[in-house]
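Novice: What the sequence shown shows, in the numbering used here, is residues 1 to 163, in sequence order. Heads up, the beta-carbon is just placed ideally off N, CA and C, and yes, glycines get one too. After the structure tokens below, expect a handful of questions from me.
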Amino acid sequence: MVVHGYDAQVAAANGYRIVSNADGTQQSVPVTAAAIAQRQQADQIRAAARQGTPSPSVGVVCGDSWVSGVKKARDTVAFSTGFLVYGAAYQHTWTVYATGFITGNSWTTSGAGPASGTKSWTGAIPRVVGPGVGGVPFASASASVILVDGTVCYSVGPTFTFG
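Next comes the structure, spelled out in structure tokens:
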């Protein structure tokens, strides 16, 4: 998961302010005691999760995402997917696609949170004819999480193949 931008309304509603730096970059700054405590907790989670893990070559890291899947009977692709973000989430939108050689389909969910910063699902995508590839969209609002500090995180698009 990489930072794609900031939602100033979400930040303000949760005790943060989005500021612009001299170099044109932006960041979320906690301004209330609750937001400062939440940021400290998020920084601890980030440090523990990233220890010894190389950063991806794109963007500022704000979490991780995953997906795996397998083709089942009756042209159905079963999957397991999820994300981990460093801090509490305000809302999420999550899509898994399966594109077969002949037809494809997708599964989408959205909602509030999670406050834990971690969410996972298992499910099935019907009407996928032929072998192919599945995954979570790369750098798309259809696979994104908005943190309580206003940070908008996009998935870097993990994929899987199926027979």
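1) Starting from Ala13, follow the alpha helix (DSSP H) in both directions and report where the run begins and ends.
2) Using DSSP with H/G/I as helix, E/B as strand and the rest coil, what is Ala78?
3) Would you list, in sequence order, the uninterrupted beta strand (DSSP E) runs of no fewer than 3 residues that lie entirely inside the stretch 93 to 162?
4) Who are the near neighbours of Ser68 in its chain, counting only those whose CB is closer than 6 Å to its CB and skipping five residues on each side?
5) Give me the residue from Ala37, Tyr6, Gly113 and Gln44 with the minimum Cα distance to Val28.
6) Distance, Cα to Cα, Arg127 vs Gly100?
7) Given this structure, state the Cα-to-Cα distance separating Val19 from Val3, to the nearest angstrom.
8) Relative to the alpha-carbon of Thr31, which residue among Trp94, Ala88 and Arg39 has its alpha-carbon at the smallest distance?
9) Measuring alpha carbon to alpha carbon, tell me which residue in Ser144, Asp75, Lys119 and Asp64 is nearest Ile102.
10) Could you tell me the distance, in whole angstroms, from the CA atom of Ala78 to the CA atom of Lys72?
Specialist: A quick look at the data gives this:
1) Element bounds for Ala13: Ala8 to Ala13.
2) Reduced to three states, the DSSP call for Ala78 is strand.
3) Counting only runs of 3 or more, we get 104 to 112, 118 to 125, 132 to 135, 144 to 147, 151 to 154 and 159 to 162.
4) Cβ neighbours of Ser68 beyond the five flanking positions: Ser80 and Phe160.
5) Per the sequence shown, the amino acid found at residue 28 is Ser instead of Val. Among Ala37, Tyr6, Gly113 and Gln44, the Cα nearest to that of Ser28 belongs to Tyr6.
6) Going from the Cα of Arg127 to the Cα of Gly100 covers about 9 Å.
7) So the two alpha carbons sit approximately 15 Å from each other.
8) As written in the sequence, residue 31 is Val, which differs from the Thr given in the question. For the residues Trp94, Ala88 and Arg39, the minimum Cα distance to Val31 belongs to Arg39.
9) In terms of Cα proximity to Ile102, the closest of Ser144, Asp75, Lys119 and Asp64 is Asp75.
10) One C-alpha to the other measures close to 7 Å.
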